[in-house]
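The next block holds one structure in the form of structure tokens; read it before the comments.
Number of protein chains: 2
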Amino acid sequence: MNGNIQAIKLFHEIINCVRSQFNERGYTEVIVPRLVKASGACENINTLFEIHVDGEKKWFSGHRGYLTQTGQLYLEAFVPNFEKVYCIGPSFRAEPGVDSRHLTEFTMAEIEFAGGFDNLLEEISETIWGLAQHFSNDTQAAARVGLNKENIKRLKKVPRRFYEITYDEAIHTLIRQGDEIEWGDDISSRQEKKLVELVGNQPLFITRFPDPMWNFKREIEVEKFFNMIPDKDNPGRVLSCDLILPFGGEAVGAAARIHEEKTLVKRLKNSRMFKRLLDKGGALSDFGWYIEALRENGSVPHAGCGFGLARIAQFIAGEEDIRKCVPFVLNQQNII
Amino acid sequence: MNGNIQAIKLFHEIINCVRSQFNERGYTEVIVPRLVKASGACENINTLFEIHVDGEKKWFSGHRGYLTQTGQLYLEAFVPNFEKVYCIGPSFRAEPGVDSRHLTEFTMAEIEFAGGFDNLLEEISETIWGLAQHFSNDTQAAARVGLNKENIKRLKKVPRRFYEITYDEAIHTLIRQGDEIEWGDDISSRQEKKLVELVGNQPLFITRFPDPMWNFKREIEVEKFFNMIPDKDNPGRVLSCDLILPFGGEAVGAAARIHEEKTLVKRLKNSRMFKRLLDKGGALSDFGWYIEALRENGSVPHAGCGFGLARIAQFIAGEEDIRKCVPFVLNQQNII
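Protein sequence lines correspond, in order, to chains A and B. Counting in this note's numbering, the first sequence runs from 1 upward without gaps. Counting in this note's numbering, the second sequence runs from 1 upward without gaps.
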């Protein structure tokens, strides 16, 4: 049967725990749109689903519609008003890979708040640690979702503040371990797993990735969303972070965000994502509403991240295959 | 600026109140898919948004993808396992009307539970009354969303169990009032408003609509979802109900559901919706997973409904225009 009973229970528990934490910490829930302009894309703009009506692809008064990959900008616009905002909902990716790590639709919890990069790492640690505590302290909750003793013991040991290495350190470590990788390359999921093992199979932050808009005089593989803040102390790096979890792998993508209009537009125009958007028939006007909001409403220094709840569910359940941890398995081979 | 600060606050409050009520009453939250086969359509199958990838409309292993209009069947499938289930998320309609009543994307809270038609009316009354109580008793909550004294006074008077008339009574009443309407016609939003005024501007259930699959020997205008249960005591009527709210108008659609596989398939095949689905290039296989779930997992007598939260927000705020009550106004003229 389509639909995993155990995973429904697990998701009910995880979402309620995450939401309670956000509400208790003073976050406001914002219902963000899910059918959007290209401003709902993450850096992987080539995996956008397009919306048509009776074959018409510019149904919205001449505009194209896409399914949202992230609610990030729709949250960022309201940080000046609410300081702390969040949303929980579907993220869509036209991802052709049918495997143990990818889905075409999955649930993301996203936060944006007035604060800096250190606060951001703290918010992420607290949230995931809070989940680990929930299941290791509340034996009824653990029983409801069918966690075994080994899992509960493992979750009890999760530290409150997670280990942290920079992207540069990660690359050097992998090279020392004999891996074929060069500075500027993406770190594969197999390599992420290796790094997590080196810190005793605990959650690991990889921080300060290469800045794709920096002139390295050569192509680099790493791609990051255009509005990440360059790190003043480390030229050519951005204040970004991926959280790697045992079992789930890369489960959170995070960064401090540019809040100054001119820098933002300049970086957007210089991004590879923007070139792809033009190829797809999009334009700067896809981001017009956000640029206008910055101009009209102003902004404040802020940061945020997206929690991939299915990968977090893998971490809680101790399960290597994402398909065993979601209420419905949704990929190119399975639509219901 | 795109995005209504006051409406964000109101939605945060409404969603949290509704969700708490469901959780307290023992409902399990199910994360339903939003990119679906035609089984995610309500009776208005002609307003489905289609999903394409690089111009390919059958990207899902030869299947078409649509945006969900309702999570109903995805919830119904799990009533045998959980007894009470709910979801809160976006409903999408390719609705070309740009006016004070329609949106292309709005938030629905949906419930399905093991129980009958009377229980259903009770669940709906309790939920909306609970919301009215929340804002009229908690002065801080009312202040947070900017409700004035008049609104608070109005909400205090909302009865715990709502007035109820049948569709037949509604038609006779309207004819007596001099309205041009015939039995079998849809009741317009102007007429709904008139009926609500007749019960002192309080929420009003209109129940037992004509059964579109009954042979009346003539065409009727009323369309209802194929799996509504025929009313044994009233031949040619179904156990369905619309809740009409002051300001918001039709805000909840509800029915007792058929849980027997053969009757369900027969009614589906006889529905106008199914004929339109075939015209659109769909097939019975769009509903295959659900029919299979009924066969494998069985079902139990159950009922459910969808709460249109924007129209409920209108009711709370005392606002005639839906566009003033939603975090983002999303219609054919406005995509962001």
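Where is the CB? At the ideal position from N, CA and C, for every residue including glycine.
- Counting along the chain, the unbroken beta strand (DSSP E) around B/I206 starts and ends at 204-207.
- The C-beta distance from A/G236 to A/P210 rounds to 6 Å, short enough to fall under 8 Å.
- Nearest CB-CB separation between A/N2 and chain B: below the 7 Å threshold.
- Residue environment: B/F60 is assigned as buried (16 or more neighbouring CB atoms within 10 Å of its CB, all protein chains considered).
- Counting every other CB atom within 10 Å of its CB across the protein chains shown gives B/A310 a total of 16 or more, marking it as buried.
- Taking a C-beta distance under 7 Å as the contact criterion, B/G130 and B/Q6 do not qualify as a contact pair.
- Contact note: B/G65 reaches chain A through I335, using a C-beta cutoff of 7 Å and chain order.
- Every beta strand (DSSP E) of 3 residues or more that sits fully in the region 119-203 of chain A is shown, in chain order, as 163-166.
- Taking 8 Å as the upper bound on Cβ-Cβ separation, chain A lies near residues F82, G89, P90, F92, A94, T104, E105 of the region 82-105 of chain B.
- In this structure, B/G304 keeps its C-beta atom at 7 Å or more from the C-beta atom of B/I124.
- According to the DSSP assignment, A/G288 belongs to the alpha helix (DSSP H) that extends over 288-297.
- Chain B places no beta carbon closer than 7 Å to that of A/T70, leaving this residue out of the contacts.
- Of the other Cβ atoms in all chains shown, fewer than 16 fall within 10 Å of the Cβ of B/P96; this residue is therefore exposed.
- The beta carbon of B/I175 sits closer than 7 Å to those of I181, all from its chain and outside the five residues before and after it, given in chain order.
- Comparing alpha-carbon positions, the option among B/I258, B/F315, B/K275 lying closest to B/S299 turns out to be B/I258.
- Its Cα nearest to that of B/L73, the residue B/L294 stands out among B/L294, B/F315, B/F307.
- Listed along chain B are I335, I336, each with a C-beta nearer than 8 Å to that of A/K37.
- Within the same chain, Cβ atoms closer than 6 Å to the Cβ of B/S240 are found at F209, K224, M228, A255, the five residues on either side in sequence being excluded.
- Residue burial is scored here from C-beta neighbours: A/D138 has fewer than 16 other C-beta atoms within 10 angstroms and is therefore classed as exposed.
- The DSSP-derived three-state label of B/M213 is coil.
- For the region 321-335 of chain B, the set of positions with a beta-carbon nearer than 7 Å to some beta-carbon of chain A reads P327, F328, L330, Q332, Q333, I335 in chain order.
- At least one C-beta of chain A is nearer than 7 Å to the C-beta of B/R34.
- Within the same chain, no Cβ atom closer than 6 Å to the Cβ of A/K193 is found once the five residues on either side in sequence are excluded.
- At least 7 Å separates the beta-carbon of B/R154 from that of B/K9.
- The closest CA to that of A/Y86, considering only A/E29, A/Y163, A/V79, A/T68, is found on A/E29.
- Remark: C-beta atoms of B/G253 and B/I220 do not approach each other more closely than 7 Å.
- Listed as beta-bridge partners of B/L245 by DSSP are B/G249.
- For B/E197, same chain residues with a beta-carbon under 7 Å away, outside a window of 5 residues either side, do not exist.
- Taking 7 Å as the Cβ-Cβ cut-off, the region 293-322 of chain B approaches chain A at A293, E296, N297, given in chain order.
- In the displayed model, A/Y74 falls within a helix according to three-state DSSP.
- Between the alpha carbons of B/Y290 and A/S189 lies a gap of roughly 35 Å.
- Taken in chain order, the complete beta strand (DSSP E) segments of 3 residues or longer contained in the region 30-94 of chain A are 50-52, 65-67, 84-92.
- In the displayed model, A/E24 falls within a helix according to three-state DSSP.
- Closer than 7 Å to the CB of B/I5 there is at least one CB belonging to chain A.
- For A/V326, no pairing in a beta bridge is given by DSSP.
- Within chain A, no C-beta atom comes less than 8 Å from the C-beta of B/I124; the nearest is roughly 21 Å away.
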